[in-house]
Amino acid sequence: MEIRINNKIIGDGNPALIVAEIGVNHNQDIELAKKTIRAAKESGADAVKFQTWKTENIILKDSEMAEYQKKNLNLVESQYDMLKKLELPYEWHYELKEYAQKLGLLFFSTMEDKESVDFLIKKLKIDFIKVGSGDISNYPLLRHTAKYQIPMIVSTGISTLADVDEAIRIIRGEGNENVIVCQCTSQYPTPHEDINLNAMTTLRKSFKTLVGFSDHSVGIECPIASVALGATYIEKHFTLDKNLPGPDHKASIDPVEFDKMVKAVRLVEKSLGHGRKELMPSEKSTKKAVVRRIVALKDIKKGQILNDENLTFKRTTNGIEAKNYSFIEGAIAKDNIKKDEVITFDKL
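When we follow this note's numbering, the leftmost residue of the sequence shown carries the number 16, and every step to the right adds one.
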């Protein structure tokens, strides 16, 4: 399975797409957004992701903040007021996309309603799009997005397997098979006991799709581990400074951590190998040095029968390997053989 996004191929045997989720960490400051994009590039990201909405289209004015938002902001206001201050203006998207692409990064965003979908795909012309966990049950929005036939990254926080099954059925019902399903837990930060990386295996087997990991945990260990479980897409919240004001900065990683994460992911990918169990090039010389071969346990006289009473197995670089003992057991010594002398077929 593989999906092509611009010049990137995502799928088995290819490097995972590593996404710096800038999200709302731009703090409605375009210069901060640009600095964060550049830092993402310098830290090894393949793509940057933002979030696109108009507040009045997605939330009522009296909606309460989530508990983690109250805690991270250390204040209580309506979720509407909070989101209004974090909107990424439509007109900024063009400049930020161009800036990211000049740096060699893919640029995309999480849509929040039909208007933002149409803007991102028809006007901004992004190559792929993200479905946030909160919209996995928004079936009209899923249908509307899927009709565009561009790759969809679907996060599965706050969902059961049945919820995901219905969402994937709806997307595929519009003829869109270009889906990456991401294991995600919608808590910021996520307790490690709730991360459930093994769910990626369940998602992959259940839906025969590529799988990824959208991480909200503290640290970089879980994204690294996700690669070994088949993640082809890794998304991690990214900030220039965890102490900046905003609901997501504290659950993000900074450039130093992101760089370490990317390097570790690439090392794990390299270490996974091709899956065939065989002698590897680097261990050929080791095998020659450590494999045990058949030698004389004691002096053996000409005509004596060779058996476990006068043979043993020791490391040496020449001779008959211990695995071939059955071929010489019971053979007769052609000549006298001294203790610790290597047994070869010409001596039998």
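Yeah, the Cβ is synthetic: ideal placement off N, Cα and C, and Gly gets one too.
By the three-class DSSP mapping on this structure, what secondary structure does residue i have?
i, result
"Leu32", "strand"
"Phe143", "coil"
"Leu157", "helix"
"Glu293", "coil"
"Ser300", "helix"
"Ala348", "coil"
"Glu356", "coil"
"Ile315", "strand"
"Lys162", "coil"
"Glu192", "coil"
"Asp256", "coil"
"Ile320", "strand"
"Ile343", "helix"
Going by other Cβ atoms of all chains shown within 10 Å of its Cβ, with 16 needed for buried, is residue i buried or exposed?
i, result
"Ser58", "buried"
"Pro104", "exposed"
"Pro238", "buried"
"Gly234", "exposed"
"Asn191", "buried"
"Arg291", "exposed"
"Leu225", "buried"
"Asp230", "buried"
"Phe273", "buried"
"Asn40", "buried"
"Met276", "buried"
"Thr205", "buried"
"Glu82", "exposed"
Over what stretch of residues does the alpha helix (DSSP H) that includes residue i continue unbroken?
i, result
"Thr327", "Unbroken run through Thr327 is the beta strand (DSSP E), Leu326 to Arg330; no alpha helix (DSSP H)."
"Glu272", "Pro270 to Leu287"
"Phe222", "Ala214 to Phe222"
"Gly188", "Leu176 to Gly188"
"Val242", "Glu236 to Ala243"
"Ala337", "Per DSSP, Ala337 belongs to no alpha helix (DSSP H) and is neither H nor E."
Since I believe residue j is in contact with residue i (beta carbons under 8 Å), could you give me their beta-carbon distance rounded to a whole number of angstroms?
i, j, result
"His289", "Ala266", "36 Å between Cβ atoms; not a contact."
"Lys316", "Ala348", "7 Å"
"Ile165", "Ile144", "6 Å"
"Ile309", "Leu294", "Contact flag wrong, Cβ pair sits at about 21 Å."
"Ala368", "Ala35", "Limits of the chain in this structure are 16 at one end and 363 at the other, which puts residue 368 out of reach."
"Asp314", "Lys362", "With a Cβ gap of about 13 Å, Asp314 and Lys362 do not count as contacting."
"Gln198", "Thr160", "Going by Cβ atoms, the distance from Gln198 to Thr160 rounds to 20 Å, so no, they are not a contact pair."
"Ile25", "Ile195", "7 Å"
"Ile320", "Ile343", "Contact doesn't hold; Cβ gap of about 11 Å is too wide."
For the beta strand (DSSP E) that contains residue i, what are its first and last residues?
i, result
"Val169", "Met167 to Ser170"
"Ala311", "Arg307 to Ala311"
"Ile20", "Glu17 to Ile20"
"Ser229", "Leu225 to Asp230"
"Gly26", "Lys23 to Gly26"
Counting only runs of 3+ residues fully inside the region 64-148, write out the beta strand (DSSP E) ranges in chain order. 121-126 and 144-146
Taking only runs of the alpha helix (DSSP H) that begin and end inside the region 36-64, which ones reach a length of at least 4 residues, in chain order? 45-57
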